[in-house]
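Residue numbers (our numbering): 548 to 699. Notes follow once the structure below has been shown.
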């Protein structure tokens with residue numbers, strides 16, 4: 548990915564604010580409008596467990612990034628997952644499961660390439676599921692990814 552692409556991909560969605568909503572329950576809130584519309588949060592940490600919500604390559608001001616590239620969307624998504632983990636007190640090496648949803652199963656190699664680039668550089672392999680789905684909330688979205696982590 549070129550430096551220009553990296554700059555273009557910087558999200559208008561902030562890293563967010565961690566709020567303790569109940570004793571020991573921490574939620575990561577961002578300015579992503581879907582959180583307000585749907586009533587969900589970007590991530591939750593409860594004790595050592597961290598759950599990262601389904602993440603896409605959409606941007607509040609630019610729309611869906613890289614509408615024709617599943618690979619580049621996945622790269623953006625894994626970077627967002629990494630930032631969410633760090634913000635809520637975890638790291639990529641704490642990830643214990645990844646779920647990947649794609650529109651076109653023939654794009655699996657592109658998503659797997661981004662997955663391997665993200666985790667293998669840390670010398671780890673993460674259990675993962677990759678499935679084809681019928682649609683996302685926007686037709687330019689090609690991939691959505693969820694992550695679970697345990698902080699030890």
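Just so you know, even glycine gets a beta-carbon here, dropped at the ideal spot from N, CA and C.
Per DSSP, the beta bridge partners of residue 575 are 565, 590. Inclusion of residue 576 and residue 563 in the CB contact set at 8 Å is warranted, their separation being smaller than that value. Fewer than three beta-carbon pairs drawn from the stretch 623-632 and the stretch 667-677 are found closer than 8 Å, and the two stretches are therefore not classed as touching. Under the DSSP definition of a beta bridge, residue 647 partners with 677, 692. For residue 598, the enclosing beta strand (DSSP E) covers residues 596-602.
DSSP places residue 627 inside the alpha helix (DSSP H), whose first and last residues are 617-634. The alpha-carbon of residue 638 is positioned some 5 Å away from that of residue 632.
A straight line joining the alpha-carbon of residue 597 with that of residue 615 spans about 31 Å. Of the residues 585, 692, 697, 566, the one whose Cα lies closest to the Cα of residue 643 is 697. Taking the CA atoms as reference points, residue 605 sits about 4 Å from residue 611.
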